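Numbering (full-length UniProt numbering), first residue to last: 1 to 193.
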């Protein structure tokens, strides 16, 4: 067996010999160059295919987890605006003692969405209920269940959210206890109150 350096020197010498002869050049351009081009193209395409697969998995998980229910305009009014899917809701949840919370914009819009969040920060919010600024998400966000996502699934969701077109949509709130919400509200009323 040839050593790596001796083998690469041998291959380099053979390629130069082939290149110098007319017949060698024809063989090289007909067979070797397309083969090397295919190897380079495949090495570039594999990461892109893996990324596409993760984004597709994230889209599936966002769909089955029902993220669009709380984060799509019009959903709670019976007319979801699918052109602005995941751009935030105009209907909030009023939770006694905590305030009123609206499903935020999950598109990568820099001002009103997740555009300034990294994928790792999105994963942390999904699985721990803590935003990058340290604020804990409202209990309406089922992060305790989402904590069971595998790291690969949570990362796929983040990749999907970052891949969406940014949509500028500032949602109302949040409003603290006793503050008057400025948009529709669903009240969560504990039994006996």
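Cβ coordinates follow ideal geometry from the N, Cα and C atoms, glycine included. Predicted, not measured: the structure shown is a model, and the values here were computed from it.
Check whether residue i and residue j have beta carbons under 7 Å apart
i: residue 162; j: residue 112; result: no
i: residue 175; j: residue 100; result: yes
i: residue 73; j: residue 57; result: no
i: residue 195; j: residue 75; result: As displayed, the chain neither begins before 1 nor continues past 193, which places residue 195 out of reach and without an answer.
i: residue 160; j: residue 55; result: yes
i: residue 90; j: residue 187; result: no
i: residue 156; j: residue 123; result: no
i: residue 81; j: residue 167; result: no
First through last residue of the beta strand (DSSP E) which encompasses residue i
i: residue 92; result: 92–95
i: residue 99; result: 99–102
Local Cβ density within 10 Å of residue i, reported as buried at 16 or more and exposed below that
i: residue 150; result: exposed
i: residue 135; result: exposed
i: residue 5; result: Caution applies to residue 5, whose pLDDT of 47 falls short of 50 and renders its modelled position unreliable; the model cannot decide the point.
i: residue 153; result: buried
i: residue 141; result: buried
i: residue 78; result: exposed
Counterpart residues of residue i in DSSP-defined beta bridges
i: residue 186; result: 93
i: residue 175; result: 100
i: residue 202; result: Residue 202 lies beyond the range of the chain shown here (1 to 193); nothing can be said about it.
i: residue 136; result: 130
Among the options, nearest to residue i - alpha-carbon criterion
i: residue 126; options: 73, 104, 166; result: 104
i: residue 102; options: 109, 92, 108; result: 92
i: residue 131; options: 188, 88, 117, 142; result: 117
i: residue 191; options: 181, 167, 96; result: 96
i: residue 63; options: 51, 182, 86; result: 86
i: residue 65; options: 164, 98, 148; result: 148
Endpoints, the alpha helix (DSSP H) within which residue i is located
i: residue 68; result: 67–71
i: residue 145; result: 143–146
i: residue 152; result: 151–163
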